[in-house]
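There are 2 protein chains.
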Amino acid sequence: MKPAQPSLWTTLFDAAASSQGLRERVCAALRQAMRSGTLAAGQRLPASRVLAQDLGVSRVTVEAAYAQLEAEGYVMRHTGRGSFVAELQAMPQTRATGRVPSTPAKPATPLALSRRGQMLVNTGGCMEPLQLQAFAAGSPDLRAFDHALWRQLSARLLRTQPQDLMRYGDPQGRQDLRQALTQYLTQSRAVACTAEQVLVLTSSQQALQLLATALLDPGQRVWVEDPGYRGARTAFEAAGATVVPMPVDAQGLVPDFTLEPPRLIYLTPSHQYPTGATLSLERRMALVDYAHQHGCWIVEDDYDSEFLYDARATPSLQGLDGGQRVIYVGTFSKTLFPSLRLAYAVLPPELVIPLVTARSVMDGHSAQWPQAVTAQFMEQGYFAAHLRHMRRLYRSRRDLLLQALAQHCPWAQPLPCNGGLQMVVLLPHGTEQKLTLTAAALGVATPRLGPLYAKPNAVDGWLLGFAALEPAEIERAAALLGKLRP
Amino acid sequence: MKPAQPSLWTTLFDAAASSQGLRERVCAALRQAMRSGTLAAGQRLPASRVLAQDLGVSRVTVEAAYAQLEAEGYVMRHTGRGSFVAELQAMPQTRATGRVPSTPAKPATPLALSRRGQMLVNTGGCMEPLQLQAFAAGSPDLRAFDHALWRQLSARLLRTQPQDLMRYGDPQGRQDLRQALTQYLTQSRAVACTAEQVLVLTSSQQALQLLATALLDPGQRVWVEDPGYRGARTAFEAAGATVVPMPVDAQGLVPDFTLEPPRLIYLTPSHQYPTGATLSLERRMALVDYAHQHGCWIVEDDYDSEFLYDARATPSLQGLDGGQRVIYVGTFSKTLFPSLRLAYAVLPPELVIPLVTARSVMDGHSAQWPQAVTAQFMEQGYFAAHLRHMRRLYRSRRDLLLQALAQHCPWAQPLPCNGGLQMVVLLPHGTEQKLTLTAAALGVATPRLGPLYAKPNAVDGWLLGFAALEPAEIERAAALLGKLRP
């Protein structure tokens, strides 16, 4: 970890590595910040000198980028006062959607993406943080992982059955992993399934995108939690679905059964993302009944139920329903590591053949080697031990972050955090954007809550990741946040 | 390799492992054979005793499966004469598309897949052979691969930078791999690109599916080669495109410029799949001109240009065009190994941001570890050495198969085969299906040419894979084929 070095801007700048030339990379980073709402209309851009230093590019490059963004209509410059984000409404559609003319003078060639392609681009995409930084959210601790053990299992498999692991694989996933998953999910999560219902995928994002594509026609309604997981929203929007945000309280999603029934309901019932609420039994039963009555699918995203600290996780919604209308989705990105690229869905029997067929057309199958290593890791009891170890570790880090915030940032109000890799802290009204940018200038990432809401600025707050950080890093970054003045 | 054991049926049976219960697996295997055209209308099914022995299930199970298929309308049984495939026209739509009612008496619950989901299922999916068997097509030799070297590079990377390789990655792919690919593609394939235009994906199937989704609206026309690669056709059909088959001669695709211009042209110009023809320079230039004039995209699938035996591969079409209208697609599935799950597309600059965004919504990114190992494998010169070694090896196996066929099967007429992992052999008119089933009964897989044509039975022939087979296996399987009587 380079402490306090990578800022919001360097992250975006790194993410824009695909752009040609430094100026275009700076432009791309800034456009992304504006599109994602990190930079809001009317907000002042960083001074060119500061940004140049931060990104390690020349000030001339940053000035040129600002000039180009001004020409494109993204930015208004006022001599002596600085550069400001233009009103989004004023931005031409082609720009708000990521189709960016490289030179403002020449009119952009129409790219003529398909309607579905344009919908995919309009979502703004899904980016996870590429580098470890306090308090980026969403990553498990990779330093505490038992690399030697993984390497050993991995090498042994490669030595003993190399060809088996190198050839084409089953689009549904390896039998050994589906078996190990079935045992784990039935025992630990009360999921009702056999290995024949398990579909191995590369990520929960792929699971959501597959389900959205296979089950949703454009215009069909999907209920999502508000605030909620952006990756799910992008998958549903990319399918052209009408996303209907449902409010969330301390008992999870508050369903409004007076509305027209949706085709699909997306939920994080064990540990709502991002608030951490657990869906009450009463609402679980009501939702399952409702889904049966109206023929809706429920997608249960059980993304981090493995890391609950103060109580056991509630059994899965899928098990309550007997796996008829509920499709269960889980991932190894948080329990093992993100670049493993393994996730899973538990499907009702009648969806297995259609979805395996669809998956085979999309990307064939998942790599066999990581599947085989993961299966052995589970079968030999290492997975359960790893989860126990990580649970203890993350709990202590949660406690530490709570302490440090109380000490340094009394103006930040943590919501109850009974689990997971990150916690929500509420901020004084109207301070979220300002505090976020100031924190970024100090080298601390503080993911905003705003973009997780359907309506901008519903609540001011941050979603602070703590699980991947060692105690000294938490202390240090919290102390830096203590310098902010809301 | 279990010599001569896995038949067409065991392969399908293995592929149907997702089905619940043995009877259902047998049914699924047979339905798949009928949908894919391996079993044609009017054809006799294997005797239940033979199939039971082949699959290692009880005869009762096979009988029960036949009875169920009869009830579903797939099969007609004539006492004393055996079971026959019913006319496809008579099959209800829900069955032909893979939505299979589990009991024929009860009407199938409407699954209500989305239109796009139904299109995906209607393609029939993409299945590669899961097991090594003479003469299954499409796999490189995994036994001749330098596993120790790969293991060593792999272990070293995991030891020196475990956390880097475990965290979330760039949706566009690792910089080191994109750089190594750029060097390889510009030098060996005359591709015109920088690393900023390279998109790392998990498979060429994913590349085709991404391009089809992002560039094609339902109903738009796509030209494909006829015969041609089924995986591409499934991707275009899944996007709802209208697939227009173009004939192929000894100089590759024969374009018909009098037709209405398509939105996209899909080609395998270096080594046409499956005929092996190289697209002539004249046609290359005509197609690129045409694409510029009519604003079509050309997708150049360069799937096995690395394995040309008698001449150097023609430089890429993408380079001829300067990478403006041509999108280049390649894969490591054949040059390294299929379960690596790495492929790549070289995009025109204006498509980079839209397609990387779309990819991030689809499945996030490709795993970092295999990318890093592959980058080092290329940088350190092992890739070039591996290709040289494999080229020599595969050439000798091609020569051997030609000899063995001439000796044992004078009725099989090989087309000129100047490269690749498989060769086309033509069969006497009207014998393809019969010979294929008889060969399967002898334990020899002989992938049919028929399903690669737009119209059934245009030509009788096989596409015989030889690259993955050792000399004795080629000899033995060819001798078995010698028992067939066309």
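For the protein sequence lines, the chains are U and D, in the order given. Plus 1237 on top of the position in the first sequence (first one is 1) and you've got this note's numbering. Plus 1237 on top of the position in the second sequence (first one is 1) and you've got this note's numbering. All C-beta atoms, glycine included, are put in the ideal place defined by N, C-alpha and C.
Item, Value
"Beta-carbon neighbours of residue 1646 of chain D, restricted to chain U and to distances below 7 Å", "Simply none; closest approach about 27 Å."
"For residue 1712 of chain D, three-class secondary structure by DSSP", "helix"
"When U:1363, U:1516, U:1617 and U:1485 are compared against residue 1420 of chain U, the one with the closest alpha-carbon", "U:1617"
"Nearest candidate by alpha-carbon position, reference residue 1400 of chain D, set U:1613, U:1500, U:1573 and U:1627", "U:1573"
"Whole-angstrom C-beta distance between residue 1601 of chain U and residue 1440 of chain D, which should lie under 8 Å", "5 Å"
"Sequence-distant residues of its chain with Cβ nearer than 6 Å to residue 1473 of chain D (five each side left out)", "1449, 1459 and 1480"
"Coarse secondary structure for residue 1582 of chain D, derived from DSSP in three states", "strand"
"Near-chain D residues of the stretch 1384-1416 of chain U - C-beta to any C-beta below 8 Å", "1384, 1387, 1388, 1391, 1392, 1395, 1396, 1399, 1400, 1402, 1403, 1404, 1405, 1406, 1407, 1408, 1409 and 1412"
"Any 3 or more C-beta pairs closer than 8 Å across the stretch 1406-1413 of chain D and the stretch 1520-1535 of chain D", "no"
"Proximity test, residue 1591 of chain D beta-carbon vs the ligand NAD heavy atom, cut-off 7 Å", "Summarising the ligand content, the structure contains no ligands, and the ligand NAD is consequently not present."
"Residues near residue 1430 of chain U in its chain [Cβ-Cβ closer than 7 Å; skip 5 each side]", "1419, 1422, 1423, 1560 and 1583"
"Partner residues on chain D for residue 1499 of chain U, Cβ-Cβ distance less than 7 Å", "None at all; the shortest Cβ gap to chain D is about 13 Å."
"Distance between beta carbons of residue 1670 of chain U and residue 1280 of chain U, contact taken as under 8 Å", "6 Å"
"Simplified DSSP assignment, three categories, for residue 1364 of chain U", "coil"
"Under 7 Å from the C-beta of residue 1707 of chain D: neighbouring residues of chain U", "Per Cβ cutoff of 7 Å: no residues; residue 1707 of chain D is ~12 Å from chain U at best."
"When U:1595, U:1627 and U:1581 are compared against residue 1608 of chain U, the one with the closest alpha-carbon", "U:1581"
"Whole beta strand (DSSP E) elements within the stretch 1365-1417 of chain D, 3-residue minimum", "none"
"Simplified DSSP state of residue 1453 of chain D, which is helix, strand or coil", "coil"
"One or two residues paired with residue 1320 of chain D in a DSSP bridge", "D:1314"
"Nearest to residue 1668 of chain D (by Cα), restricted to the options D:1658, D:1685 and D:1680", "D:1685"
"Simplified DSSP assignment, three categories, for residue 1479 of chain U", "strand"
"Enclosing alpha helix (DSSP H) for residue 1491 of chain D [first to last residue]", "Note, residue 1491 of chain D: premise wrong, no alpha helix (DSSP H); not H, not E."
"Contact with chain D by residue 1541 of chain U, beta-carbon distance below 8 Å", "no"
"Element boundaries [alpha helix (DSSP H), containing residue 1632 of chain D]", "1619-1645"
"Closer than 8 Å to chain U by CB, residue 1264 of chain D", "no"
"Candidates U:1363, U:1524, U:1663 and U:1447: closest to residue 1562 of chain U by CA position", "U:1524"
"Closest Cα partner of residue 1730 of chain D within the set D:1665, D:1547, D:1719 and D:1385", "Residue 1730 of chain D lies beyond the residue range present for chain D, which begins at 1238 and ends at 1723; the question has no answer from this structure."
"Closest residue to residue 1695 of chain D among D:1680, D:1657, D:1383 and D:1463 (Cα-Cα distance)", "D:1463"
"CB contact check: residue 1551 of chain D to chain U, cutoff 8 Å", "no"
"Nearest residue (CA-CA) to residue 1599 of chain D, options U:1591, U:1444, U:1589 and U:1289", "U:1444"
"Below-8 Å beta-carbon distance, residue 1617 of chain U vs any chain D residue", "no"
"Residue 1387 of chain D versus U:1380, U:1395 and U:1384, residue with shortest Cα-Cα distance", "U:1395"
"Contacts around residue 1569 of chain D, its chain only, beta-carbon distance under 6 Å, and the 5 residues preceding and following it disregarded", "1577 and 1579"
"Within-8 Å CB hit, residue 1711 of chain D to chain U", "no"
"Distance CB(residue 1438 of chain D)-CB(residue 1597 of chain D) smaller than 8 Å", "no"
"Pick from U:1267, U:1541 and U:1353 that is closest to residue 1704 of chain U, judged by C-alpha positions", "U:1541"
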